[in-house]
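Structure record follows, encoded as structure tokens.
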Amino acid sequence: MSSPGKKNLTDIVLYTVLILISIFMILPFVWMLSTSFKLPEDIFGYPPRLIPQNPILSNYTFIFQEKALLRILFNTIVIALGSTLLSLFFTTLGGYGFAKFAFPSKKTLFAILLATMIIPGAVMMVPTFVIMREFGWVDKFWPLIIPGAANAFGIFFFRQYISTINDELMDAARMDGASEFGIFWRIILPIISPGMVSLGLIFFMGSWNNYLGPLIYLKSPENWTITVAINALNGGAGLTYWGPQMAMSVISLIPLLIVFLVFQRQFVEGITAGAIKG
Amino acid sequence: MVRAEKRKLPDAFISPASSLWHRIKKARWAYTFISPFYILFAIFGLYPMVLSLYLSFTRWKGVGPMEFAGLINFGLILKDKVFWQSMENGVILFFLYVPVMLFLALALAVILNSGRVKGFRLFRTLIFLPFITNMVAAGFTFQILLEKQNGLFNVLLGYLGLPGIPWLENVWWARISLSLLIIWAWLGYNMVIMLAGLQTIPRDLTEAAQVDGASPVQAFFNITVPLMRPVILFCMITSTIGSFGLFTEVSTLTRGGPVNATITPLIRIYGLAFGSYQFGYASAVAYTFFILIFVLTIIQFRLNREQE
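Sequence lines, in order, name chains A and B. Taking the numbering used here, the leading residue of the first sequence gets 65, the next gets one more, and so forth. Taking the numbering used here, the leading residue of the second sequence gets 44, the next gets one more, and so forth.
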């Protein structure tokens, strides 16, 4: 067994590792924040300073006044909320269908559902773009809301979640003459609301941070989401608005940061549920 | 339930077909509930797949007439150095970051799970935080940190008396920089999954081994790692798909360069489709890529099963 001295040494090593890794994790956030208050000439000045020498707010006023940040935030929120709510509705409904009903071809249908999960959606970007153009959905929010609304991952998640619910609750409601949709809406949904919070957070984050989708579909600047808008401040060699870009980056993080810190437990549950069970 | 229903009627009255129809009709609500997935998949999954296959045999600029090209596109792929470079980059990136990331994730999870250190929640939160960050913001922040002249990383190296590193200008360093960004972003995610996996392992096992004289390091490699195999495999497969499917990280940190050293298949496909409007050829490349990844995933599964 280890001596007390060796134990202390191990503890010091463990804490050092944890603290060093934590610093590496936090550093980019700190630097982003610091750069967002710097003058253009100070951003790559020597020595690099954590606290800006001449802190300025103009990077922030620039993105609000010149780059229509409020409009961009509005777009991002509409798309993220829209896709989250619609996805929650369709995936809980589908999960309920698979968890609580017996029907012909159920196994085959479920196997198809699982098989679609291995298709990386991004591979389909060309044909999907062609279809969206046929629909007249280019430069609209729909391509970012509709296709993923009934995703297999969510249905799988809620099937697991709902199958633990006792059938007696539903049977009793059926006796009382409740409709099948009524049972789903009034009995199932309230019971699974913790799971809906977990998965809703994942959906919201996925949509908020999505870059490739908005990049393909949102053409006009007034329809951009925040990720595309941050990228657009990069004009290639020598033309990048680093300060405003970092300011917009800071703002892009705030909503998710708040949501994450408030709902951390549910967030982690949503992340791990799919991995450990699947 | 369905069987009980059948027994109520004398067998002579129902043919198998009408019985099936009866069962389908009875389950109409279930079909309604699961239908959105199949409808959306038909329109935005199956149809694009078929259309994509068709497009891959054509030459098409995205507008105007479609020209049938037979197998020309697939012949071009064989000679497409950039595409094969992008596949190679996927493999290289995988080996550059996945072993380091998964080892660190498991080690951190074991440390946090052991109860030896205080501040479990604080450390978990700090390490997980990058995962919720969008990679556009992160990529550009890393560009600033990794700047050659006065970027923070090189200046810190200078303070230690070390020469600056051409992070984004050199072929291998650019790949390492990209790996740094990916590890930064995904370490917390993998750690959280490993933590959940560790909670399914009885703690007595590792403790008993240590009582028997095994060092914590021996217990880690001989007990924890083998028991965590399924979780590690899950993380490895998601990382494989992840390293070939990189897009945002690359397009904001290295833009695929220098000299295509960090170009990934998705960057290539996007460039072909929306940069030079070769819709037919881009579709052929996408299909080839999909089949290659599919085969690779199956091989990974098989190898794992054989080892067991």
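C-beta atoms are modelled at their ideal positions from N, C-alpha and C, and glycine is treated no differently.
Amino acids of chain B, ordered along the chain, whose beta-carbon sits closer than 9 Å to that of Val326(A): On the first sequence, position 262 is the one that residue 326(A) refers to. Under the 9 Å cutoff, chain B gives no residues; its nearest Cβ is about 12 Å from Val326(A).
Measure the CB-CB distance between Gly288(B) and Pro258(A) and report whether it falls below 8 Å. Within the second sequence, residue 288(B) is the residue found at index 245, counting from 1. Within the first sequence, residue 258(A) is the residue found at index 194, counting from 1. In this structure, Pro258(A) does not lie closer than 8 Å to Gly288(B) by Cβ.
Does the region 239-246 of chain A come close enough to the region 125-138 of chain A that 3 or more CB-CB pairs lie under 8 Å? no
For the region 229-236 of chain A against the region 173-187 of chain A, do three or more pairs of beta-carbon atoms, one drawn from each stretch, fall closer than 8 Å, so that the two count as touching? no
Listed by chain order, chain C residues near Thr140(A) by CB distance under 8 Å: Among the protein chains in the structure shown, which are A and B, there is no chain C.
Tell me, to the nearest whole angstrom, how far the beta carbon of Gln186(B) is from that of Asn303(B); I am working on the premise that it is less than 8 Å. Walking along the second sequence from the start, residue 186(B) turns up at place 143. Walking along the second sequence from the start, residue 303(B) turns up at place 260. Actually they do not touch by this definition, with Cβ atoms about 18 Å apart.
Can you name the residues of chain A whose CB is closer than 7 Å to the CB of Arg102(B)? Position 59 of the second sequence holds residue 102(B). Near Arg102(B) there are no residues of chain A at all, since even the closest Cβ is about 13 Å away, more than 7 Å.
Looking at the structure shown, is Glu190(B) part of a helix, part of a strand, or coil, going by DSSP? As a position in the second sequence, residue 190(B) is number 147, starting the count at 1. If DSSP states are grouped into helix, strand and coil, Glu190(B) belongs with coil.
Is the region 192-201 of chain B close to the region 254-262 of chain B, with three or more CB pairs under 8 Å? no
With distances taken from CA atoms, which of Tyr305(A), Phe165(A), Gln330(A) and Gly277(A) is nearest Leu309(B)? Counting from 1 along the second sequence, the entry for residue 309(B) is found at position 266. If we check each option's Cα against that of Leu309(B), Gly277(A) comes out closest.
Please go through the same chain and pick out, in chain order, the residues whose beta-carbon is closer than 6 Å to the beta-carbon of Met44(B), but skip the five residues on each side of it. Position 1 of the second sequence, counting from 1, holds the residue named residue 44(B). Model confidence at Met44(B) stands at a pLDDT of 40, short of 50, so the residue's coordinates are unreliable; what they give is reported in the following sentence. Excluding residues within five positions, none has a Cβ falling inside 6 Å.
Can you check whether the C-beta of Val268(B) is within less than 8 Å of a C-beta belonging to chain A? The residue you call residue 268(B) lines up with position 225 of the second sequence. No, Val268(B) lies away from the interface with chain A (no Cβ there is under 8 Å from its Cβ).
Determine whether the Cβ of Thr249(B) lies closer than 8 Å to any Cβ atom of chain A. The residue labelled residue 249(B) in the question sits at position 206 within the second sequence. No, no contact with chain A.
To the nearest whole angstrom, what separates the beta carbons of Thr361(B) and Met178(B), a pair I think is in contact under 8 Å? One cannot answer for residue 361(B) here, as it falls past the ends of chain B, which runs 44 to 351.
Of the residues that make up the region 176-192 of chain A, which ones have a beta carbon closer than 9 Å to any beta carbon in chain B? Ile176, Leu177, Thr180, Ile182, Ile183, Pro184, Gly185, Ala186, Val187, Met188, Met189, Val190, Pro191 and Thr192
Chain B partners of Ser86(A), CB-CB under 9 Å? By 1-based counting over the first sequence, the position of residue 86(A) is 22. Going along chain B in sequence order, the residues near Ser86(A) (Cβ under 9 Å) are Leu165, Phe166, Leu169 and Ile170.
Between the alpha carbons of Val274(B) and Ile280(B), how many angstroms are there, rounded? On the second sequence, position 231 is the one that residue 274(B) refers to. On the second sequence, position 237 is the one that residue 280(B) refers to. About 10 Å.
If you follow the alpha helix (DSSP H) that Phe245(A) is in, where does it begin and where does it stop? Walking along the first sequence from the start, residue 245(A) turns up at place 181. Start and end: Glu244 to Ile247.
Please list, in chain order, all residues of the same chain as Asn273(A) whose beta carbon is under 7 Å from its beta carbon, the five residues on each side excluded. Residue 273(A) sits at position 209 when you count from the first residue of the first sequence. Hits under 7 Å: Thr291.
Residue range of the alpha helix (DSSP H) that Asp203(A) falls in? Along the first sequence, read from residue 1 onward, the residue named residue 203(A) stands at position 139. It is not in any alpha helix (DSSP H) - Asp203(A) carries neither H nor E in the DSSP assignment.
Report the three-state DSSP secondary structure of Gly212(B) (helix, strand or coil). Numbered from its first residue, the second sequence carries residue 212(B) at position 169. In the sequence under discussion, the amino acid at residue 212(B) is Glu, which differs from the Gly named in the question. Note: Glu212(B) maps to coil in three-state DSSP.
By Cβ distance, which residues of its chain are closer than 7 Å to Leu221(B), with the 5 residues on each side in sequence left out? Numbered from 1 along the second sequence, position 178 holds the residue referred to as residue 221(B). Closer than 7 Å at the Cβ level, and outside the excluded window around Leu221(B), lie Leu136, Glu292, Val293, Leu296, Thr297 and Thr305.
Quick test of the definition: if touching needs 3 or more C-beta pairs under 8 Å, does the region 206-221 of chain A touch the region 323-340 of chain B? no
Measuring alpha carbon to alpha carbon, tell me which of Tyr110(A), Phe268(A), Thr148(A) and Phe174(A) ends up nearest Thr176(B). Counted from its first residue, the second sequence places residue 176(B) at position 133. That would be Phe268(A), whose Cα lies nearest to the Cα of Thr176(B).
Considering Cα atoms alone, identify which of Asp106(A), Ile266(A) and Ala213(A) is closest to Gln330(A). Taking the first residue of the first sequence as position 1, residue 330(A) is located at position 266. If we check each option's Cα against that of Gln330(A), Ile266(A) comes out closest.
Helix, strand or coil for Thr184(B), going by three-state DSSP, please let me know. In the second sequence, counting from the first residue as 1, residue 184(B) sits at position 141. Residue state, collapsed to three classes: helix.
Exposed or buried, which one is Pro191(A) when buried takes at least 16 other CB atoms within 10 Å? As a first step, residue 191(A) must be located in the first sequence, where it is residue number 127. Classification for Pro191(A): buried.
Would you list, in sequence order, the uninterrupted alpha helix (DSSP H) runs of no fewer than 4 residues that lie entirely inside the region 60-110 of chain B? 71-84 and 90-98
Taking the CB atoms as reference points, tell me whether Leu134(A) and Met312(A) lie closer together than 8 Å. Indexing the first sequence from 1 puts residue 134(A) at position 70. Indexing the first sequence from 1 puts residue 312(A) at position 248. Going by C-beta atoms, Leu134(A) is not nearer than 8 Å to Met312(A).
Using a Cβ-Cβ distance under 8 Å, would Trp288(A) count as near chain B? Residue numbering aside, residue 288(A) sits at position 224 when the first sequence is read from its first letter. No - not a single Cβ of chain B is within 8 Å of the one on Trp288(A).
Does the distance from the C-beta atom of Ser271(A) to that of Thr148(A) stay below 8 Å? Translated into the one-based positions of the first sequence, residue 271(A) becomes position 207. Translated into the one-based positions of the first sequence, residue 148(A) becomes position 84. Their beta carbons are under 8 Å apart, which means Ser271(A) touches Thr148(A) by this criterion.
Residues in its own chain within less than 6 Å of Val81(A) by CB, not counting five upstream and five downstream? Locating residue 81(A) in the first sequence gives position 17, counting from the first residue. None.
Rounded C-alpha distance that separates Thr104(B) from Phe126(B): Translated into positions along the second sequence, residue 104(B) becomes position 61. Translated into positions along the second sequence, residue 126(B) becomes position 83. In the sequence under discussion, the amino acid at residue 104(B) is Lys, which differs from the Thr named in the question. Looking at the two C-alpha atoms, the distance is approximately 19 Å.
Here's a check: name, in chain order, each residue in its chain whose Cβ is nearer than 7 Å to the Cβ of Asn298(A), leaving out the five neighbours to either side. Against the first sequence, residue 298(A) aligns to sequence position 234. Once the five neighbours on either side are set aside, the close Cβ partners of Asn298(A) are Thr304 and Gln309.
Would you mind telling me which residues of chain A sit closer than 7 Å to Pro91(B), beta carbon to beta carbon, in chain order? If you number the second sequence from 1, residue 91(B) lands on position 48. Chain A residues near Pro91(B): Met188, Pro191, Thr192 and Ile195.
Given that Gln309(A) touches chain B, what residues does it touch there, using C-beta distances under 7 Å? Residue mapping note: residue 309(A) aligns to position 245 of the first sequence, counting from 1. Within 7 Å Cβ-Cβ: Phe183.
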